[in-house]
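Colleague:
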Amino acid sequence: MASGSYSTEFGGGLWRGHGDYMRDKNDKIKAQLDQRYAGDMKSNIFQGVIARIDGHTELNDFEIKRLITQHGGQMEQYDVRMFPSEKRVTHLVADNLAMGNQRWRHYRDKPTSKFVVVKSSWVAESVAAGRRLREADFKPDILHHQGQGSLKGFLQLPKAQPQPQPPPVVKDNPPGGAAGGGVEEDGSARIEIDDDAAPPVPPPPAAAAAAGAGAGAGAGAAGASRAVKPRPSRGRLDATDPGFVDNFFKSSRLHFIGTFRNRVKAKYTFDAFVPVPPPSQLSLLSMSTARRTILYLHVDFDAFFTSVALRRHPEFRNEPVAIAHGSARPNSSSEISSCNYIARQRGVTKGSFMSSALEKCPELKVLPYYFDDFESTSEVLFEHLMQLSRRIQPLSCDEAVVQLVGDDECADVQQKAKQLRDSVHSKTECWVSIGIGDSPLIARVAASYAKPDKGSSGVVLVEPKQSKDFMATVPLKAIPGIGPVMLEKLQSLGCNTCEDVRRQRTETDLVTTLGKVMGSRVWAAAHGIDNRQIGSTEASGAGTGAQKSISVAVNWGVRLSTDTDLDKFLASIAADASKRLEERGFLTQAVTFKLMQRHPEAPVEPPKFLGHGMCNELTKRHVLPESTASAHRIQMALRTIWDDEFAKKCPIHEIRGLTAMLGKLKRKTSPAPAPAPAPAPAPAAARGGGGGRGPPMLTDLQEGFLRNTRRKVNMQQGSKGAHIGGPRDVESIDLAAEEDAECAPAVPPSAFSPRVSVAAGATAGGSGGAACAQPSVPPARRYHHLVDVYVKQGSSALRFQTAAEEAIMGCETLDDIRRDMPYDDDVWRAVLSLAKRLGRS
DNA sequence: GGAGTGTGGTAGC
DNA sequence: GATCGCTACCACACTCC
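In UniProt numbering, the protein residues as written are 1 to 841.
1) By Cβ distance below 6 angstroms, which residues in the same chain neighbour G718 in space, the five residues on each side in sequence not counted?
2) Can you grab the Cα-Cα spacing for the pair C361 / G351, in whole Å?
3) Can you list, in chain order, the residues of its chain whose CB lies under 6 angstroms from that of A472, leaving out five sequence neighbours each side?
4) Alpha carbon to alpha carbon, what distance is there between R505 and L285?
5) Apply the 10 Å Cβ neighbour rule to V485 and answer buried if 16 or more other Cβ atoms are within range, or exposed otherwise.
6) Out of Q419, S561, S43, which one is the CA nearest neighbour of residue 850?
7) K648: buried (16+ other C-beta within 10 angstroms of its C-beta) or exposed?
8) State the DSSP-derived secondary structure class of K365, mapped to helix, strand or coil.
9) What is the rounded straight-line gap between the Cα of G13 and the Cα of K365?
10) What do you get for P673, buried or exposed, if any count of 16 or more other CB atoms within 10 angstroms of its CB means buried?
11) Between which two residues does the beta strand (DSSP E) harbouring H612 extend?
12) Just to check my reading of the structure: T90 and V49 have Cβ atoms closer than 8 angstroms, yes? What is that Cβ distance to the nearest angstrom?
13) Ordered along the chain, which non-local residues of its own chain (more than five positions away) have a Cβ less than 7 angstroms from that of L367?
14) Nearest-angstrom Cα distance between Q393 and A400?
15) Please name the residue, chosen from R329, P480, A443, K608, that lies closest to F470 on a Cα-to-Cα basis.
16) Ends of the alpha helix (DSSP H) at V245?
17) Residues in the same chain with beta-carbon distance under 8 angstroms from L560, minus the five sequence neighbours each way, listed in chain order, please.
18) Opposite H298 in the DSSP bridges: which residues?
19) Among I294, A546, V245, which residue has its Cα nearest to the Cα of G406?
20) Closest by CA to H632, which one among G585, E488, S121, S578?
21) Run through DSSP, which three-state label would S795 get?
22) Can the beta-carbon of G481 be found closer than 8 angstroms to that of M518?
23) Are the CB atoms of A574 and Q635 nearer to each other than 8 angstroms?
24) To the nearest angstrom, report how far apart R261 and L395 are at their CA atoms.
25) Mind checking whether L404 and S426 have CB atoms under 8 angstroms apart?
26) Rounded to whole angstroms, what is the Cα-Cα separation between V93 and N247?
27) Should R311 go down as buried or exposed, given a rule of 16 or more other Cβ atoms within 10 Å for buried?
28) Nearest-angstrom Cα distance between A417 and V459?
29) Okay, do the region 599-617 and the region 639-647 touch, 3+ Cβ pairs below 8 angstroms being the bar?
30) Using CA atoms only, rank isn't needed, just tell me which of S551, N555, E583, R639 is closest to L662.
31) Who are the near neighbours of L595 in its chain, counting only those whose CB is closer than 6 angstroms to its CB and skipping five residues on each side?
32) Nearest by alpha-carbon distance to E375: which of R502, M354, V474, K267 is it?
33) Relative to the C-alpha of P625, which candidate in P600, K664, P607, H599 has its C-alpha closest?
34) What did DSSP end up calling G694 once you bin it into helix, strand or coil?
35) Please report the distance separating the alpha-carbon of H527 from that of I434.
36) From V462 to I436, what does the alpha carbon distance come to, in whole angstroms?
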């Protein structure tokens, strides 16, 4: 066995029931904590406090435990809600919403509970103050709002106004699956148990049937006394909601993993690996360099997410546990992202649907994501690694390669690895596995042999002279870079292991089948040689240095109906992309739009709830005339690609996801001005004329007019002989705002400039094209806008009439306008009234 | 032949 | 209450000039 973490010391039925087991377990953990901090007692301000951490906390759980224990309090490890008869807990430490609605309501509505709920800042500030501060001053915000039952978390409330056109969703494969009206939710593990709650009552058949049959959200479980609220057809998951993208990324484990490496790189300064040339060049080096000992440690947490989550639920340590969104329901399409080795032994695999995992392991316990804990635990690992060497390549949130150079660093490497392992475990309660070898490849494969399910003690060292023999037995799929497709190609050559490759195939065979690079790489790997540029970061799979692209992808929950929906979604994606550019100090000059379109043979709703299902992918790149970090320019680029390339191929309701990939990155040369808090709108005159500070910004409204102009011009191109393919084709745009006489202006007309020049793109002779003023546009309903667009035409420019009045020619009602005008009703109501006033003739 | 573009594969839980 | 199928890189084929 790899470690005590996976031992069965608590098994064997020694307890009368789960409660006894938990009490015993809890005492044991408390004893461990006492022991850990015993020599470090600082005060008694928390004497009498028995605390439990629940949900998300700003202060990480290690710190809370440390502070409370060091200052005279105790930690309760088990969940008070699961054992309501236990009333020892005096304080529940929780900041945020991770607990779920019912529980917060319970804490809010039944304040007579014997424990108080406090924010984690109560712990820190009490310690700082040297006394126990008043708990009432640290009540979580959500508990202050009596009468406000709903929580504004990720799931936004539905928009108040009905959608103009319901989405053309054919429910030929509803998310509820075949279970329909008869789904029983008992029998599966539920962590969210309400304190003092009545025993769960299965929903009455009628309610359950209603929940399964329509858009109703399964609220039948709320009981007969609670009405099932009708739900808008689009539900509460709406990619056009302003907060959707933000919240989506906050909850996406793949986003967390995908962005982690850059976060770590931004946080720590690592040294580059000492270059090691391929064996063919060794003779060119001086003997001292060639003979220098270099070893690599590949360090990887075991069942990372699960191990971390189990700290908050130690009562499940000896049970099959998985991490996923949602609860353990047999018809759930939630994805299992991680599971412990007990669950793996029972057939649960990461990446599978919850329903399938529960079929294999009905007693599976499902825990939520604790992203902050994952992050803080990773930090502990990296801080430990840096004590060994600063030559570190982070691979993921739970994984890194360390290069040890020279006899000093490489001495007693196995012992150092064991100490590292023990030390990380003592700080995190999670085990790492460590592989050691003379190349990143060998270290990586060795680490996979160090995993708990391989019967290892957690550290596997491959002596350099044994590398070739070691690799002989390795299955090809264990070689980094060989995924399902490459493996299938290799199997078509009759190869499953490195030994097969060695005995049956030449390098030429592999190059022919896998391509030049992969063919050579696999052939070398099979012979124990890592032929990548080991001095580069490529060898660790971490890329070759400077960041080359930034991408923002949302391929879940995307169900759009109208052009307005699409615009809002593109705006959200572009805003996020811009934010990431700013955060990393980059500008982009190439925007690639990847669209996921429902495959013609795919059901309208895939098996995975709001997933993308089987799709066709459309990709198109748009190169901007100059580098930018502006959200509106990115949005414009996306919209241009949509209009020019995708719109004719993909109806909006068939979009299942999209990605904005930003390429041609370059560093901002001038120091960015400190991000100022959103300034109050200043008079346009003060900013007019294009002071040139910061990226140009257009309001949504201005941008919309520009886009509409493009459409109109392009529709007229046959007669006018001009075409706007993108901003580069635009000579200039004049935007004028005029007061709408029907609405009394709240700000005097002098507060805005009546005519502001908006340069778009690299214009002929233009000074960079970025001289862009931001007119102060007061609330839209008080003004209408006039736009003149000059399109480049040889050495001159054509002027196009594109004014608000023209935009609504022929429109009698708001519905007429909505058909293709992606702006708020308020705006168009004002424009319509203006048009009526002018007689539209 | 080189640059640019689109597509596909891979890795992490 | 559901559910959060991302990110960054590399390799290769193809087109265009």
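Idealized CB from N, CA, C, for every residue including glycine.
Modeller: To lay it out plainly:
1) Bear in mind that a pLDDT of 36 at G718, under 50, signals an unreliable position, so the number given afterwards is only what the model happens to contain. Within the same chain, G718 has no close Cβ partners at all.
2) In this structure, the alpha-carbon of C361 lies about 15 angstroms from that of G351.
3) Correct list, in chain order: C498, E499.
4) Reliability fails at L285, whose pLDDT of 44 lies under 50, so the model's placement of it is uncertain and no value is given.
5) Exposed.
6) With the chain covering only 1 through 841, there is no way to say anything about residue 850.
7) Residue burial annotation: K648 is exposed, with fewer than 16 other C-beta atoms found within 10 angstroms of its C-beta.
8) In the structure shown, K365 falls within a strand segment according to DSSP collapsed to helix, strand and coil.
9) The predicted model places G13 with a pLDDT of 22, which falls under 50 and marks its position as unreliable, so this point remains unresolved.
10) Because P673 sits at a pLDDT of 41, beneath the cut-off of 50, its placement in the model cannot be relied upon, and the point is left open.
11) Counted as a single uninterrupted DSSP element, the stretch harbouring H612 is not any beta strand (DSSP E), since DSSP gives it neither H nor E.
12) The pair is a contact, with the Cβ atoms about 6 angstroms apart (cut-off 8 angstroms).
13) Same-chain partners within the cutoff: I191, A309, H313, V321, I323.
14) Q393 and A400: Cα-Cα distance of roughly 6 angstroms.
15) Out of R329, P480, A443, K608, A443 has the C-alpha closest to the C-alpha of F470.
16) Where V245 is concerned, the enclosing alpha helix (DSSP H) stretches over 244-251.
17) Cβ-Cβ distances below 8 angstroms link L560 to P167, A239, T240, L566, F569, I652, H653, I655 in the same chain, with the five nearest sequence neighbours on each side left out; the list follows chain order.
18) Answer by DSSP bridge pairing, in chain order: V401, G435.
19) Per the C-alpha coordinates, the member of I294, A546, V245 positioned closest to G406 is I294.
20) Per the Cα distances, S578.
21) Low per-residue confidence applies at S795: pLDDT is 31, beneath 50, and the placement is therefore not dependable enough to give any value.
22) The answer is yes: Cβ separation under 8 angstroms.
23) Yes, they are a contact pair.
24) Spanning the two alpha carbons is a distance of roughly 6 angstroms.
25) Cβ distance not < 8 angstroms, so L404 and S426 don't count as in contact.
26) V93 and N247: Cα-Cα distance of roughly 24 angstroms.
27) By the 10 Å Cβ count, R311 comes out buried.
28) Straight through space, the alpha carbons of V459 and A417 are spaced by roughly 7 angstroms.
29) The region 639-647 and the region 599-617 do not touch, with fewer than three beta-carbon pairs separated by less than 8 angstroms.
30) Checking every option, the nearest Cα to that of L662 belongs to S551.
31) Excluding sequence neighbours, L595 sits near L618, F646, L658.
32) Of R502, M354, V474, K267, the residue nearest in Cα terms is K267.
33) Scanning P600, K664, P607, H599 for the CA closest to the CA of P625 turns up K664.
34) Confidence in G694 is poor, its pLDDT being 28 and thus under 50, which makes the residue's placement too unreliable to answer from.
35) Inter-residue distance for H527 and I434 is about 22 angstroms (C-alpha atoms, whole angstroms).
36) The C-alpha of I436 is placed about 6 angstroms away from the C-alpha of V462.
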